[in-house]
Amino acid sequence: MLFDVGLLVLRLIVGLVLFAHGAQKLFGWFGGYGLKGTAGWLGSIGMQPATFWAIVAGASEAAGGLLLALGLLNPVGSLGIIAAMLTAIVKVHWGKGLFATNGGSELPLTNLAVALGVALVGPGAYSLDALLGIALPQPITWVAGLAAVALGAAAAMAAPARQSAPAN
Numbered sequence: 000m001l002f003d004v005g006l007l008v009l010r011l012i013v014g015l016v017l018f019a020h021g022a023q024k025l026f027g028w029f030g031g032y033g034l035k036g037t038a039g040w041l042g043s044i045g046m047q048p049a050t051f052w053a054i055v056a057g058a059s060e061a062a063g064g065l066l067l068a069l070g071l072l073n074p075v076g077s078l079g080i081i082a083a084m085l086t087a088i089v090k091v092h093w094g095k096g097l098f099a100t101n102g103g104s105e106l107p108l109t110n111l112a113v114a115l116g117v118a119l120v121g122p123g124a125y126s127l128d129a130l131l132g133i134a135l136p137q138p139i140t141w142v143a144g145l146a147a148v149a150l151g152a153a154a155a156m157a158a159p160a161r162q163s164a165p166a167n
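This is the structure:
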């Protein structure tokens, strides 16, 4: 029982925080910059086409976070979070160490670890999957999901850098 309560706490806190973070990117909610601002920032770090990657990042966090919080369709939400966090670690935090005080990867790494842990052990008894009797087919869900994560993260990490203006 306490195991399931622990999973519920992890899912709710991390899932809802990630939902809010994605909503900041997509809609400007909770003090965020919205799609235009997010696309501008992603473009400034070389993620092109910036609006496409802003939608992907925001949707991965918002939808993944909501699915994680609800314990619904495990491991789909977790896989979206993992893809977004891998991309954030490599494109934004790489080379800055571990701790956030220096722009390091501690927060996305922690989010990734929670998402992976829930994906591996399941969402627990206090989840919509348990309530509705949902169990996605295994191992095909994992194989397809990990392939999508790998392809999406690789595409994001390989996104072409913004072209510099020609020198005069």
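The letter at position 2 of the sequence shown is residue 1 when you use our numbering, and the numbering goes up by one with no holes.
All C-beta atoms, glycine included, are put in the ideal place defined by N, C-alpha and C.
query, result
"Cβ distance (whole Å) where L67 is taken to contact V13 below 8 Å", "7 Å"
"Spatial distance of L115 from K35 (CA atoms)", "30 Å"
"Range of the contiguous alpha helix (DSSP H) that encloses A124", "Premise fails: A124 is in no alpha helix (DSSP H) and is neither H nor E."
"C-alpha gap between A19 and F29, whole angstroms", "7 Å"
"Collapsed DSSP secondary structure at L97 in the structure displayed", "coil"
"Integer Cβ distance of I80 from L7, believed to fall under 8 Å", "The Cβ separation is near 17 Å, so there is no contact."
"Where P74 falls: helix, strand or coil (DSSP)", "coil"
"G63 beta carbon less than 7 Å from that of R10", "no"
"Boundaries (first-last residue) of the alpha helix (DSSP H) holding F2", "1–26"
"Between the CA atoms of V113 and I139 - distance to the nearest angstrom", "22 Å"
"A56 beta carbon less than 7 Å from that of A99", "no"
"Simplified DSSP state of P107, which is helix, strand or coil", "helix"
"Where the alpha helix (DSSP H) through L34 begins and ends", "33–43"
"Selected residue, minimal CA-CA separation from T50, among L25, L108, G123", "L25"
"Rounded Cβ spacing between P74 and G132 (contact assumed at less than 8 Å)", "Rounded, the Cβ-Cβ distance is 17 Å, inconsistent with contact."
"Through-space distance from T109 to V117, alpha-carbon basis", "12 Å"
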